[in-house]
Amino acid sequence: MTILWRAAPCLVPLGLVFAVQDRFALSVLAFAAAQALFVAGWDLVGGASGQPTLGHALPLGAGAYFATFVAGWNLAPLPTAVAGGALAGGLAGALQGRLGARLSRLSLAVVTLATAEAAREVSSVFRFVWPGGLVVGGDSGIPMVVYPADEASAARLAAAVLVVGVAALLWIGGSSLGLAMRTVRADDRLAAASGIDVVRVRVLAFVIAGAVAGLAGGLAAAMTGRASPAMLSLEPSLFAFAVASIAGPGTIVGPAAAAYTMTAALQWLDVPGTIRLTLDAALLIAGAFGPSAAAHLRHVRHVSTPVPASSAR
Amino acid sequence: METALQVVTSGLLTGVEYAIAAVGMTLIFGVGRVLNLAHGSFIALGAYTAYQVTLLGLSPVGGAVPAAIAGLVLGALVERVLVRPLRPEPVAAAIALLGVALLAEEGFSLIWGTADHSVPLRLPLFLFGHVVQGEEQLIAAAAGVAVLGGMAVYLRTRSGRALRAAAADAEIARLAGVDVERLQTATFAVGCGMAAAAGAFLSPLLSVGPTMGRVPLVFSLAMVATGGPGRIWGTLAASVVLGLASTFVGFYLAPPWSYILALLLTTAVVIWRADGVFRRMQL
Numbered sequence: 023m024t025i026l027w028r029a030a031p032c033l034v035p036l037g038l039v040f041a042v043q044d045r046f047a048l049s050v051l052a053f054a055a056a057q058a059l060f061v062a063g064w065d066l067v068g069g070a071s072g073q074p075t076l077g078h079a080l081p082l083g084a085g086a087y088f089a090t091f092v093a094g095w096n097l098a099p100l101p102t103a104v105a106g107g108a109l110a111g112g113l114a115g116a117l118q119g120r121l122g123a124r125l126s127r128l129s130l131a132v133v134t135l136a137t138a139e140a141a142r143e144v145s146s147v148f149r150f151v152w153p154g155g156l157v158v159g160g161d162s163g164i165p166m167v168v169y170p171a172d173e174a175s176a177a178r179l180a181a182a183v184l185v186v187g188v189a190a191l192l193w194i195g196g197s198s199l200g201l202a203m204r205t206v207r208a209d210d211r212l213a214a215a216s217g218i219d220v221v222r223v224r225v226l227a228f229v230i231a232g233a234v235a236g237l238a239g240g241l242a243a244a245m246t247g248r249a250s251p252a253m254l255s256l257e258p259s260l261f262a263f264a265v266a267s268i269a270g271p272g273t274i275v276g277p278a279a280a281a282y283t284m285t286a287a288l289q290w291l292d293v294p295g296t297i298r299l300t301l302d303a304a305l306l307i308a309g310a311f312g313p314s315a316a317a318h319l320r321h322v323r324h325v326s327t328p329v330p331a332s333s334a335r
Numbered sequence: 523m524e525t526a527l528q529v530v531t532s533g534l535l536t537g538v539e540y541a542i543a544a545v546g547m548t549l550i551f552g553v554g555r556v557l558n559l560a561h562g563s564f565i566a567l568g569a570y571t572a573y574q575v576t577l578l579g580l581s582p583v584g585g586a587v588p589a590a591i592a593g594l595v596l597g598a599l600v601e602r603v604l605v606r607p608l609r610p611e612p613v614a615a616a617i618a619l620l621g622v623a624l625l626a627e628e629g630f631s632l633i634w635g636t637a638d639h640s641v642p643l644r645l646p647l648f649l650f651g652h653v654v655q656g657e658e659q660l661i662a663a664a665a666g667v668a669v670l671g672g673m674a675v676y677l678r679t680r681s682g683r684a685l686r687a688a689a690a691d692a693e694i695a696r697l698a699g700v701d702v703e704r705l706q707t708a709t710f711a712v713g714c715g716m717a718a719a720a721g722a723f724l725s726p727l728l729s730v731g732p733t734m735g736r737v738p739l740v741f742s743l744a745m746v747a748t749g750g751p752g753r754i755w756g757t758l759a760a761s762v763v764l765g766l767a768s769t770f771v772g773f774y775l776a777p778p779w780s781y782i783l784a785l786l787l788t789t790a791v792v793i794w795r796a797d798g799v800f801r802r803m804q805l
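Protein chains in written order, with the numbering used here: chain A, 23 to 335; chain B, 523 to 805.
Have a look at this one:
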């Protein structure tokens, strides 16, 4: 019941897409929903489990590229391709989680940043022949058939996915796994002493958050008709970090609502990219000084050796 | 054979130039326990200063001194306003510095525009057998050796010993009468000044644009992580080796691959080596 109450604000985007008729407004809301889903995913790993990743763009981009490849080579229908983004995102998250599970927070931030940046650079280097003889890849990315074809359907799909995604994340946050994540975030040594497999919990947080980000990436690629290296760049990760830092890290709904509102407002007002980046920078600095973010970043990770799997909860 | 020799010479010179920035970063980390993720912005500041100097008809290496002064002043400002209050929270400090880097990118694009600029060489080329080197790069490498040599001498002075003491254990140094806070501010400013000077030296090799600081930041991170965070001589050696390796990769594959190499190296070295240092320092 509590989860339903906490997830209630997510019904606002769903109501909005049925109330709004304007095509531009609908496309803005669709993009905002995808962005909010991405930030909600970041909040599970960065906020709830206390792993400040600066490379959340990696699962986002992985999801986007996966959906584009699957759709482009007609390996599966478009909805399956988009949903498959979650699988690719989860795998990318698993890689980051595995690499960073035993690292200090500072090292984790550097490693996640480096992995996402490496993926972005690799994606901008490769070019290949696409079905139909078109050479794709590089900085301009890979094209994809736009799905859903009209703005209203896209906005409704994105809003529905956002509601389901946030509800699922809230459910996970309230489950025994969520409790384990919060315990690990607060004090990993205490968590290990309580029988929690710290490494497993950390990796799982990355996998789940990565799957959510991958779904958001698949959705974004389908709606914009393209997966590009920009999706793997530092900016989306910093946006997620900045928004979650000021909107109550670990609450899932707070960062998702803030991301939804901010993205919709910035898109609607057609704010230039430079001002958006400045805003992100200001939020990052403000977030670093903010009490809630500081409380999340303060805890020191102690555990460098995994607790035996037999003691996992 | 001549080509390989040319690449080796260029790689060594580039490594020495990068070493100025990387040693600055490792100094900041060693003394202040802060990972300066805005280091690339100071390198970009130096490169833009060099670009501005070339518009006056001078050589880009002439921009190193004004760049270093600008880096010193801005570095001190950033340390006092942002880093010092966040020093107990190293991750928050690193994130705030990343915010500063983004703001700097916007500042550069406001002043110099969003387009990339190239920095022309104003001095003649030298021919050593079959190896060609620009006079600018030779001066830059010589200046790098002078800066790093000066650093080695400084560390043996009374003030340098205080710095080493603060790097080894700030609390003990404080008890021994060292003004650790002042030293941390000074080190941050000097480290940023070194980054800006390195940016001026490296400017003819780089495409000078608002986001240009990201690549040198990653290279500096890779050098610091490989050499051991806080270890000056390790960082110096790593800089030369990585400068050489990146030049080889950039020449024989393609320039983006040298950046990918630095990123993968950073990932691997942070996991296998640097994390232990961060952990010991409670970061």
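Idealized CB from N, CA, C, for every residue including glycine.
**Asked** Residues of chain A with CB under 8 Å from V740 (chain B), in chain order?
**Response** Here residue 740 (chain B) refers to the residue found at position 218 of the second sequence. The answer, in chain order, is A136 and E139.
**Prompt:** If you check the beta carbons only, do L254 (chain A) and A177 (chain A) fall under 8 Å apart?
**Reply:** For the purposes of this step, residue 254 (chain A) is identified with residue 232 of the first sequence, where counting begins at 1. For the purposes of this step, residue 177 (chain A) is identified with residue 155 of the first sequence, where counting begins at 1. With a cutoff of 8 Å on beta-carbon distance, L254 (chain A) and A177 (chain A) are scored as not near each other.
**Prompt:** Name the DSSP beta bridge partners of F263 (chain A), please?
**Reply:** Numbered from its first residue, the first sequence carries residue 263 (chain A) at position 241. F263 (chain A) pairs with nothing; no bridge assigned.
**Where G159 (chain A) sits in the DSSP three-state scheme** = The sequence position of residue 159 (chain A) within the first sequence is 137, counting from 1. Residue state, collapsed to three classes: strand.
**Request:** Measure the C-alpha to C-alpha separation of F46 (chain A) and L66 (chain A) and round it to an integer number of angstroms.
**Result:** The residue given as residue 46 (chain A) occupies position 24 in the first sequence. The residue given as residue 66 (chain A) occupies position 44 in the first sequence. Using only the alpha carbons, I get a separation of about 31 Å.
**Asked** Within the 8 Å Cβ cut-off, does D797 (chain B) reach chain A?
**Response** Start at 1 with the first residue of the second sequence, and residue 797 (chain B) comes out as number 275. Chain A contact via Cβ: present.
**Asked** So with Cβ pairs under 8 Å, would you call V613 (chain B) a contact of chain A?
**Response** Counting from 1 along the second sequence, the entry for residue 613 (chain B) is found at position 91. Chain A contact via Cβ: present.
**Request:** Would you give the residue range spanned by the alpha helix (DSSP H) that V234 (chain A) belongs to?
**Result:** For this step, residue 234 (chain A) is matched to residue 212 along the first sequence. Run containing V234 (chain A): V220 to T246, per the alpha helix (DSSP H) assignment.
**Residue-level contact to chain B via CB, F3 (chain A), 8 Å cutoff** = Because residue 3 (chain A) is not part of the residues shown, which for chain A are 23 to 335, the question remains open.
**Asked** Hey, how far is the Cα of L201 (chain A) from the Cα of G195 (chain A)?
**Response** By one-based count along the first sequence, residue 201 (chain A) stands at place 179. By one-based count along the first sequence, residue 195 (chain A) stands at place 173. C-alpha separation (whole angstroms): 7 Å.
**Request:** Would you mind working out which of A:R207, A:A287 and A:L192 sits nearest G63 (chain A), comparing C-alpha positions?
**Result:** Mapped onto the first sequence, residue 63 (chain A) falls at position 41. Here the closest residue by C-alpha is A:L192.
**R466 (chain B) burial status per 10 Å Cβ neighbour count (16 or more: buried)** = This structure gives no information on residue 466 (chain B), because the portion of chain B shown stretches from 523 to 805.
**Prompt:** Is W95 (chain A) near P153 (chain A), with beta carbons less than 8 Å apart?
**Reply:** As a first step, residue 95 (chain A) is located in the first sequence; it is residue number 73 there, counting from the start. As a first step, residue 153 (chain A) is located in the first sequence; it is residue number 131 there, counting from the start. Yes, the Cβ-Cβ distance between W95 (chain A) and P153 (chain A) is below 8 Å.
**Request:** Locate the beta strand (DSSP E) running through F648 (chain B), then write down its first and last residues.
**Result:** Within the second sequence, the letter at position 126 stands for residue 648 (chain B). Counting along the chain, the beta strand (DSSP E) containing F648 (chain B) begins and ends at L647 to F650.
**Request:** Name, in chain order, the residues that DSSP records as bridge partners for H639 (chain B).
**Result:** Taking the first residue of the second sequence as position 1, residue 639 (chain B) is located at position 117. Its beta-bridge partners are B:V730.
**Request:** Could you say which of B:F741, B:W755 and B:T789 lies nearest to P778 (chain B) if we only look at CA atoms?
**Result:** The count along the second sequence starts at 1 and reaches residue 778 (chain B) at position 256. The closest CA to that of P778 (chain B), considering only B:F741, B:W755 and B:T789, is found on B:F741.
**Asked** Which whole-angstrom value describes the C-beta separation of A227 (chain A) and G119 (chain A), a residue pair presumed to lie in contact below a C-beta threshold of 8 Å?
**Response** Position 205 of the first sequence holds residue 227 (chain A). Position 97 of the first sequence holds residue 119 (chain A). About 7 Å; that satisfies the 8 Å criterion.
**Message:** For G83 (chain A), count the other beta carbons within 10 Å of its own beta carbon; 16 or more makes it buried, fewer makes it exposed. Which is it?
**Reply:** Your numbering for residue 83 (chain A) matches position 61 in the first sequence. Its Cβ being crowded by 16 or more others within 10 Å, G83 (chain A) is buried.
**Asked** How long is the line joining the alpha carbons of L647 (chain B) and L567 (chain B), rounded to whole angstroms?
**Response** Counted from its first residue, the second sequence places residue 647 (chain B) at position 125. Counted from its first residue, the second sequence places residue 567 (chain B) at position 45. L647 (chain B) and L567 (chain B): Cα-Cα distance of roughly 26 Å.
**Prompt:** Hey, I694 (chain B) and A687 (chain B): beta-carbon distance below 8 Å or not?
**Reply:** Sequence index remark: in the second sequence, residue 694 (chain B) carries index 172 (1-based). Sequence index remark: in the second sequence, residue 687 (chain B) carries index 165 (1-based). Judged by beta-carbon spacing, A687 (chain B) lies within the 8 Å limit of I694 (chain B), meaning their Cβ atoms are closer than that value.
**Request:** Measure the alpha-carbon distance for V39 (chain A) versus A55 (chain A) and round it to whole angstroms.
**Result:** Reading the first sequence from its first residue, position 17 is the one you call residue 39 (chain A). Reading the first sequence from its first residue, position 33 is the one you call residue 55 (chain A). About 10 Å.
**Asked** Cβ of M806 (chain B) within 8 Å of Cβ of A569 (chain B)?
**Response** The requested residue 806 (chain B) does not occur in the structure, where chain B is confined to residues 523 to 805.
**Request:** Please go through the same chain and pick out, in chain order, the residues whose beta-carbon is closer than 7 Å to the beta-carbon of A690 (chain B), but skip the five residues on each side of it.
**Result:** Numbered from its first residue, the second sequence carries residue 690 (chain B) at position 168. Taken in chain order, the list of residues that qualify is empty.
**Request:** Would you mind listing the alpha helix (DSSP H) stretches within the stretch 606-692 of chain B that are 4+ residues and don't spill past its ends, in chain order?
**Result:** 612-634, 657-676 and 680-690
**Selection of the stretch 762-781 of chain B by Cβ proximity to chain A, strictly under 8 Å** = Closer than 8 Å at the C-beta level to chain A, one finds these residues of the stretch 762-781 of chain B: A776, P778, W779 and Y781.
**Request:** Taking L38 (chain A) as the query, report the chain B residues whose CB atoms sit under 8 Å from its CB, ordered along the chain.
**Result:** Locating residue 38 (chain A) in the first sequence gives position 16, counting from the first residue. By Cβ distance, chain B contributes nothing, its closest Cβ being about 30 Å from L38 (chain A), past 8 Å.
**Prompt:** What is the residue span of the alpha helix (DSSP H) that F311 (chain A) lies within?
**Reply:** Numbered from its first residue, the first sequence carries residue 311 (chain A) at position 289. G295 to F311 is the span of the alpha helix (DSSP H), which, as asked, contains F311 (chain A).
**Asked** What is the rounded straight-line gap between the Cα of P330 (chain A) and the Cα of A747 (chain B)?
**Response** Along the first sequence, read from residue 1 onward, the residue named residue 330 (chain A) stands at position 308. Along the second sequence, read from residue 1 onward, the residue named residue 747 (chain B) stands at position 225. Because P330 (chain A) carries a pLDDT of 44, less than 50, the predicted location of this residue cannot be relied on, and the following value inherits that uncertainty. Each residue's Cα considered, the two are about 30 Å apart.
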